[in-house]
Amino acid sequence: MNSFVVFFRQIKSDASISAIVAGLIAVTVGFAGPVLLIFQAAKVANLSNLHLSSWIWAISIASGLTSIILSLRFKAPVITAWSTPGAVMLISGWSAYAYSDSIGAFIFSGILITILGFTGLFSSFMKRIPYAIITAMLAGILLKFGVDVFVSLKQLPMLALPMILGYLVSKRWFPRYAVVTSLLLGLLISYSLGIVNLEGARVFLVQPIFTKPTFSLSSLIGLGIPLCIVTMASQNATGLGVLRADGYNTPANPLIIATGAASILFAPFGAHGINLSALIAAICTGKEAHHDPDRRYIAGISAGLFYLIFGIFGATIVSVFAIFPSELIIVITGLALFGSIGSSLTSAMQGEEKKEAALITFLVTLSGISIAGVGSPFWGLIAGIVTDYMLSGDLRKMFSAKMFLQMRGKHRRVG
4 MNSFVVFFRQ IKSDASISAI VAGLIAVTVG FAGPVLLIFQ AAKVANLSNL
54 HLSSWIWAIS IASGLTSIIL SLRFKAPVIT AWSTPGAVML ISGWSAYAYS
104 DSIGAFIFSG ILITILGFTG LFSSFMKRIP YAIITAMLAG ILLKFGVDVF
154 VSLKQLPMLA LPMILGYLVS KRWFPRYAVV TSLLLGLLIS YSLGIVNLEG
204 ARVFLVQPIF TKPTFSLSSL IGLGIPLCIV TMASQNATGL GVLRADGYNT
254 PANPLIIATG AASILFAPFG AHGINLSALI AAICTGKEAH HDPDRRYIAG
304 ISAGLFYLIF GIFGATIVSV FAIFPSELII VITGLALFGS IGSSLTSAMQ
354 GEEKKEAALI TFLVTLSGIS IAGVGSPFWG LIAGIVTDYM LSGDLRKMFS
404 AKMFLQMRGK HRRVG
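Here the sequence shown is numbered in the numbering used here, starting from 4 and rising by one per residue.
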């Protein structure tokens, strides 16, 4: 009992408005855009509104619980989310499989991810990636959101300009609350301009639906394995990179195991995959959440709690976000990411040794290319790693050793 009281007091002392708001903004951004992919995928699979609500409930509750548990366990802002590239993949090919077979494929994908966490293969891969390449990848992911802040000046200047000015003024006098001030100012201006339609909000509680999974070879191969690959490559790798870029050396294996287990447990309710977040995680891991890195874990707990609240209302929560202008979401997201963009660019270009590899990583990631359903962050990592090996000379050594072993093997067979 005493230990619980001490634990609660520590959380209370570490809590801050900036960290709590960072968690709220992160979850808001997650629902404002990626959740619409869930609606598109549901149409492809001809899901009922009840199944759709259950699906959103499942991914929200799973993300909320894992964010809270992992943030508390490691005292770091560990933010999880549903697999966005996985949802894109479902849009393109879900109609070929029965719903219960898809649930089986979701479970299979979660099992594969959990195995990768237990074996440590993913952790070993991440440890071999130079820090400059990781931060360059992060910069490539985030830069577009910073640019969009100023693109919004053309689309809705009456809203975007005051939000930017409010952020800058607050940054000068009370920097911890700069994002909060900009958000409140944006809400006030949106209401005064009459571009907030409060009548459009419709909120209902959701009733989760359990679906008994079935397993078919075609769905396991055509859906389960690709879902695992895109989730690990496009989400977990970049999500861990965000943590590393902001100085959090949280062990990778427990994070992967936790997200894999959550994917398995919530798959029968519709969850297609839970993973580490990259974009919204950067909102919580940067200086805007709190100047003290040791107190930013509160942002992870905050995000988890808002996930749980939003998840209870299921699909209808989208109607709440629909009442706000898209420019408000775009501007506040970019402003919240300013600190992470600046620090990741600085870290990526600091040393001369890795600068070329970091630059190529940044450009490939920024390009937005997608190959075999895997997004540009993964290919940016690969491009940076290959460039680093080629320029450092390690690639030649590797080929020489491989050729030597092959020649030795041939010699033995001939002998």
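Beta carbons are placed, not taken as given, at the ideal position from N, Cα and C, and that holds for glycine.
**Study point:** Proximity winner among 15, 11, 21, relative to residue 294 (alpha-carbon distances)
**Key:** 21
Practice item. Taking residue 279 as part of the beta strand (DSSP E), name the residues at either end of that continuous run. Key: 277 to 279
Practice item. Please specify which runs of the alpha helix (DSSP H), each continuous and at least 4 residues long, are wholly inside the region 102 to 146, giving them in chain order. Key: DSSP runs (the alpha helix (DSSP H)) wholly in the region 102 to 146: 102 to 122, 124 to 130.
Point to revise | Closest by C-alpha distance to residue 112, when choosing among 343, 358, 220 | key: Proximity to residue 112 across 343, 358, 220 peaks at 220, based on C-alpha coordinates.
Review point. When you compare only the Cα positions, how much space is there between residue 147 and residue 13?
Key: 37 Å
**Study point:** Of the residues 40, 52, 72, the one placed nearest residue 311, counting alpha carbons only
**Key:** 72
Exercise for review: Determine the direct distance from the alpha carbon of residue 48 to that of residue 288, and round the result to whole angstroms.
Suggested key: Across the structure, residue 288 and residue 48 are spaced so that their CA atoms are roughly 36 Å apart.
Check your understanding: Looking at the structure shown, is residue 374 part of a helix, part of a strand, or coil, going by DSSP?
Key -> strand
Exercise for review: Could you tell me which of 347, 368, 365, 333 sits nearest to residue 28, measuring between CA atoms?
Suggested key: 333
Point to revise | Pair within 8 Å by beta-carbon distance, residue 233 and residue 92 | key: yes
Review point. Going by the beta-carbon positions, is the gap between residue 227 and residue 361 smaller than 8 Å?
Key: no
Point to revise | Cβ-Cβ distance between residue 328 and residue 185 below 8 Å | key: no
**Study point:** Length at least 4, wholly inside the region 155 to 203: the alpha helix (DSSP H) runs in chain order
**Key:** If we require 4 residues or more, the alpha helix (DSSP H) runs fully inside the region 155 to 203 come out as 160 to 176, 181 to 195.
Review point. Hey, how far is the Cα of residue 366 from the Cα of residue 209?
Key: 43 Å
Check your understanding: If you draw a straight line from the C-alpha of residue 395 to the C-alpha of residue 245, how long is it?
Key -> Cα atoms of residue 395 and residue 245: separation of roughly 25 Å, rounded to the nearest angstrom.
Point to revise | Closest by C-alpha distance to residue 223, when choosing among 101, 26, 342 | key: 101
Check your understanding: By a C-beta neighbour count over all protein chains shown, 10 Å radius and 16 as the cutoff for buried, is residue 235 buried or exposed?
Key -> buried
Practice item. Give the secondary structure of residue 241 by DSSP, where H, G and I count as helix, E and B as strand, and everything else as coil. Key: helix
Check your understanding: Leaving out five residues before and five after residue 198 in sequence, what residues of the same chain have Cβ atoms less than 6 Å from its Cβ?
Key -> Result list for residue 198: 328, in chain order.
Practice item. Check whether the Cβ atoms of residue 67 and residue 259 lie closer than 8 Å to each other. Key: No, Cβ-Cβ distance for residue 67 and residue 259 is not below 8 Å.
Check your understanding: Are the beta-carbon atoms belonging to residue 347 and residue 135 less than 8 Å from one another?
Key -> When the beta-carbon positions are compared, residue 347 and residue 135 stay at least 8 Å from each other.
**Study point:** Rounded C-alpha distance that separates residue 16 from residue 24
**Key:** C-alpha of residue 16 to C-alpha of residue 24: approximately 16 Å in a straight line.
Practice item. To the nearest angstrom, report how far apart residue 355 and residue 384 are at their CA atoms. Key: 18 Å
Exercise for review: Report all residues from its chain with a CB closer than 7 Å to the CB of residue 77; omit the five preceding and five following residues, and keep chain order.
Suggested key: Cβ neighbours of residue 77 beyond the five flanking positions: 253.
**Study point:** Nearest-angstrom beta carbon gap, residue 83 and residue 308 [assumed within contact, 8 Å]
**Key:** Between residue 83 and residue 308 the Cβ distance is about 13 Å, and since that is not below 8 Å, they are no contact.
Practice item. Pick out whichever of 391, 341, 340, 343 has its Cα sitting closest to the Cα of residue 363. Key: 391
Point to revise | Alpha carbon of residue 18 to alpha carbon of residue 269, nearest angstrom | key: 30 Å
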